[in-house]
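Worksheet for the structure shown next.
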Amino acid sequence: MESLVNPHVLQTTPYKPGKPVEDIQREFGLTRVIKLASNENMLPIPANVRQAICDELSQIQYYPDSDNYFLRRRIAEYNGVEPDHVIVGAGSVEIIQMLIRAFLKPGERVLTSEKTFSLYKSATIELAGAAAFVETPMDRDLRFDLEAIAGAIDAAAKIIFITNPNNPTGTLLPAAAVRAFIARVPDNRIVVLDNAYQEYVDDPGDYLTGLDEIGRGKNVIVLRTFSKVYGLAGLRVGYALAKPEIIAVLNRVKPPFNVTRVGQRAALESLQSDEFRDRSVRLNRANKAKLFSQLEALRLRVIPSQTNFLLFFPAVDIAALNLRLLQQGVIIRPMGGFGIPDAMRVSVGLEEENDFFIATLGRALQELKK
Ligand code: PMP
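Note that the sequence shown covers residues 103 to 472 in this note's numbering.
This is how it looks when you write it as structure tokens:
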């Protein structure tokens, strides 16, 4: 088979998502399984969004609007830009793939930090081969080291991903640092600000949304998603903001009808009120603080996080720990695939889910340390 395959594809590692609840129920014969593995919002979606989804079902024999007209208009309004600054994708993952396809020429490279969202790497390698992807070390506090990234910008470095706050470390870069970094990047490069977790940031006053840079004509692409705070991960809707010339290029590689009718309708409805978003952020903050101290009480190193997840270092064999957690019905994420083999990431769930996770983790750690 290998001789049939595009050699770049052979260099990729398949993305390993958090295991679905149904898999673990089947595999271990469990009824109660909690999944805190993919940074979803565990609150039920608001009634108006649920109703919009149901209403849309009467239309699904028709293809969706390929142009996402109404959703783009609403996203533009929400962000204070014009609709020609917006493109919508089947999750921001699809836009990551689109922008690499659209802008990476042969011989050029994608540059980012180590220990970040692994899709930048696989999307680059499948298109351009392993040599087209470069990552720099993080600083000691597990933050993007913008000095290191700036120092790695050579003639070939074309697309630069900055994940802020970062997945999986949860760490944040202050506005001034990102702003100064963007100012240093030569004009013939593209800076992607992956702001998937923007809503969770503690101090929005010290956060770089990227909108000013876009307004000033910079080659900046901002990525946002409905999968996190809006609770629509299962519908796959994300978007990018950029200047119209960039959006026009991305539209050339956008697959037609890429966002479903139900996805467009639900995302649009989600932006009609901030109540659910704000309630979700408040609940996350409280639950995260409790979970953080529970992990610390187990004497584990935990990284302070500005997101809806926590990275921690269990100090035991990760594969053995993960298996024990799965057997007890707890799905979290070992971080080998993200370049941190001694860490695990847990999403902040509802209080009872977090408590169940902590109780299960506490028991598993005791058994493994025996
Ligand atoms: N960027 C980051 C940093 C993420 O963590 C994720 C989801 N794990 C995504 C993008 C993709 O999100 P989606 O495709 O669901 O919009």
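Every residue gets a Cβ at the ideal spot worked out from N, C-alpha and C, and that includes glycine.
A quick note: this is a predicted structure, and the numbers were derived from the prediction, not measured.
(1) Run through the segment 268-316 for me and flag every whole beta strand (DSSP E) of 3 or more residues, listed as ranges in chain order.
(2) What does lysine 137 pair with, by DSSP beta-bridge criteria?
(3) In the structure shown, what three-state DSSP assignment does isoleucine 348 receive?
(4) Any heavy atom of ligand 1 closer than 8 Å to the beta-carbon of glycine 441?
(5) Rounded to whole angstroms, what's the CA-CA distance from isoleucine 292 to phenylalanine 458? Just pull it up for me.
(6) Glutamate 237 lies in the beta strand (DSSP E); which residues open and close that run?
(7) What residue range does the beta strand (DSSP E) around threonine 214 cover?
(8) Can you tell me whether phenylalanine 219 sits near ligand 1, meaning its C-beta is under 8 Å from at least one heavy atom of the ligand?
(9) Identify which residue in Gln163, Ser194 and Leu274 has its Cα closest to the Cα of valine 339.
(10) Closer than 6 Å by C-beta to glutamate 371: which residues in its own chain qualify, once you throw out the five before and the five after it? Chain order, please.
(11) When DSSP labels each residue in this structure, what does valine 383 get in the three-state scheme?
(12) Do valine 212 and alanine 232 count as a contact pair if the criterion is CB distance below 9 Å?
(13) Taking 8 Å as the line, does the beta carbon of asparagine 353 fall inside it for any heavy atom of ligand 1?
(14) Assuming the contact rule is C-beta atoms closer than 8 Å, leucine 295 and valine 331 should be a hit. Round their C-beta distance to whole Å, please.
(15) Taking its Cβ as the centre, do 16 or more other Cβ atoms sit within 10 Å of alanine 399, making it buried, or is it exposed?
(16) Given 8 Å as the limit, tell me if serine 480 has its C-beta closer than that to any heavy atom belonging to ligand 1.
(17) Find out if the Cβ-Cβ distance for the pair isoleucine 255, valine 280 is shorter than 9 Å.
(18) Measuring straight from C-alpha to C-alpha, what distance separates arginine 242 and aspartate 444?
(19) Between which residues of its own chain and glutamate 104 is the CB-CB distance below 8 Å, once the five residues before and five after are set aside?
(20) Report all residues from its chain with a CB closer than 7 Å to the CB of methionine 240; omit the five preceding and five following residues, and keep chain order.
(21) What's the C-alpha gap between proline 436 and methionine 144?
(22) For glycine 209, which residues from the same chain have a beta carbon less than 6 Å from its beta carbon, with the 5 sequence-adjacent residues on both sides left out?
(23) Please report the distance separating the alpha-carbon of isoleucine 349 from that of arginine 381.
(24) Counting only runs that start and end within the segment 237-262, where is the alpha helix (DSSP H) found for 4 or more residues in a row?
(25) Would you say the segment 360-375 touches the segment 408-427, given that touching needs at least three Cβ pairs under 8 Å?
(26) Give me the residue from Ala335, Gly319 and Lys320 with the minimum Cα distance to arginine 326.
(27) By the three-class DSSP mapping on this structure, what secondary structure does isoleucine 189 have?
(28) What is the DSSP secondary structure of glycine 365, counted as helix, strand or coil?
(29) Where does threonine 115 land, buried or exposed, given buried means 16+ other C-beta within 10 angstroms?
(30) Which one of Gly365, Phe359 and Ile264 has the shortest CA to CA distance from glutamate 237?
(31) Using only alpha-carbon positions, find the residue among Gly365, Glu315 and Pro119 that is nearest to aspartate 157.
(32) Are the beta-carbon atoms of isoleucine 420 and methionine 446 separated by less than 9 Å?
(33) Which residues does DSSP pair with serine 449 in a beta bridge?
(34) Run through DSSP, which three-state label would valine 331 get?
So, from the listed chains and residues:
(1) For the beta strand (DSSP E) assignment, the uninterrupted runs of no fewer than 3 residues enclosed by the segment 268-316 are, from N- to C-terminal side, 292-296.
(2) As a working note, residue 137 is residue 35 in the sequence shown. Per DSSP, Ile433.
(3) As a position in the sequence shown, residue 348 is number 246, starting the count at 1. Of the three classes helix, strand and coil, the one that applies to isoleucine 348 here is helix, per DSSP.
(4) Position 339 of the sequence shown holds residue 441. The answer is no for glycine 441.
(5) By one-based count along the sequence shown, residue 292 stands at place 190. By one-based count along the sequence shown, residue 458 stands at place 356. Here the alpha carbon of isoleucine 292 sits roughly 43 Å from the alpha carbon of phenylalanine 458.
(6) Counting from 1 along the sequence shown, the entry for residue 237 is found at position 135. Its beta strand (DSSP E) spans residues 235-238.
(7) Position 112 of the sequence shown, counting from 1, holds the residue named residue 214. Per DSSP, the unbroken beta strand (DSSP E) holding threonine 214 starts and ends at 211-215.
(8) On the sequence shown, residue 219 is found 117 positions in, with the first residue counted as 1. Phenylalanine 219 Cβ: within cutoff of ligand 1.
(9) Residue numbering aside, residue 339 sits at position 237 when the sequence shown is read from its first letter. Proximity to valine 339 across Gln163, Ser194 and Leu274 peaks at Ser194, based on C-alpha coordinates.
(10) Taking the sequence shown and counting its residues from 1, the one referred to as residue 371 is at position 269. Within its own chain, the residues whose Cβ lies closer than 6 Å to the Cβ of glutamate 371, once the five positions on either side in sequence are excluded, are Asn150, Val151 and Ala154, listed in chain order.
(11) Numbered from 1 along the sequence shown, position 281 holds the residue referred to as residue 383. Helix.
(12) Against the sequence shown, residue 232 aligns to sequence position 130. Against the sequence shown, residue 212 aligns to sequence position 110. Going by beta carbons, alanine 232 and valine 212 fall outside the 9 Å limit.
(13) Locating residue 353 in the sequence shown gives position 251, where the first residue counts as 1. No.
(14) Numbered from 1 along the sequence shown, position 193 holds the residue referred to as residue 295. Numbered from 1 along the sequence shown, position 229 holds the residue referred to as residue 331. That pair is no contact at about 17 Å.
(15) The residue given as residue 399 occupies position 297 in the sequence shown. By the Cβ-count criterion, alanine 399 is exposed, with fewer than 16 other Cβ atoms from all chains shown falling within 10 Å of its own Cβ.
(16) Because the chain here runs from 103 to 472, residue 480 falls outside it and cannot be looked at.
(17) By one-based count along the sequence shown, residue 255 stands at place 153. By one-based count along the sequence shown, residue 280 stands at place 178. No. Outside cutoff.
(18) By 1-based counting over the sequence shown, the position of residue 242 is 140. By 1-based counting over the sequence shown, the position of residue 444 is 342. When rounded, the distance between both Cα atoms is 15 Å.
(19) The residue you call residue 104 lines up with position 2 of the sequence shown. Around glutamate 104, the same chain offers Leu112 as residues with beta carbons nearer than 8 Å, after the five sequence neighbours per side are excluded.
(20) Position 138 of the sequence shown, counted from the start, is the residue given in the question as residue 240. Closer than 7 Å at Cβ, skipping near neighbours: Ser215, Glu216, Lys217, Phe246 and Asp247.
(21) Within the sequence shown, the letter at position 334 stands for residue 436. Within the sequence shown, the letter at position 42 stands for residue 144. Between proline 436 and methionine 144, the C-alpha separation is close to 20 Å.
(22) Mapped onto the sequence shown, residue 209 falls at position 107. Cβ-Cβ distances below 6 Å link glycine 209 to nothing in the same chain once the five nearest sequence neighbours on each side are left out.
(23) Reading the sequence shown from its first residue, position 247 is the one you call residue 349. Reading the sequence shown from its first residue, position 279 is the one you call residue 381. One C-alpha to the other measures close to 32 Å.
(24) Complete alpha helix (DSSP H) runs here, min 4: 248-253.
(25) No, the segment 360-375 is not in contact with the segment 408-427.
(26) Here residue 326 refers to the residue found at position 224 of the sequence shown. Comparing Cα-Cα distances from arginine 326 to each of Ala335, Gly319 and Lys320, the minimum goes to Ala335.
(27) Along the sequence shown, read from residue 1 onward, the residue named residue 189 stands at position 87. Looking at isoleucine 189 - three-state DSSP - the assignment turns out to be strand.
(28) Start at 1 with the first residue of the sequence shown, and residue 365 comes out as number 263. In the three-state reduction of the DSSP assignment, glycine 365 falls in the helix class.
(29) Locating residue 115 in the sequence shown gives position 13, where the first residue counts as 1. Exposed, since its Cβ has fewer than 16 Cβ neighbours within 10 Å.
(30) Stepping through the sequence shown from its first residue, residue 237 is reached at position 135. Among Gly365, Phe359 and Ile264, the Cα nearest to that of glutamate 237 is on Ile264.
(31) Taking the sequence shown and counting its residues from 1, one reaches residue 157 at position 55. Distance check between aspartate 157 and each of Gly365, Glu315 and Pro119 places Gly365 closest, using alpha-carbon atoms only.
(32) Taking the sequence shown and counting its residues from 1, one reaches residue 420 at position 318. Taking the sequence shown and counting its residues from 1, one reaches residue 446 at position 344. The Cβ atoms of isoleucine 420 and methionine 446 sit closer than 9 Å to each other.
(33) Taking the first residue of the sequence shown as position 1, residue 449 is located at position 347. As a beta-bridge residue in DSSP terms, serine 449 pairs with Phe411.
(34) For the purposes of this step, residue 331 is taken as residue 229 along the sequence shown, with counting starting at 1. Here DSSP, grouped into helix, strand and coil, assigns valine 331 to coil.
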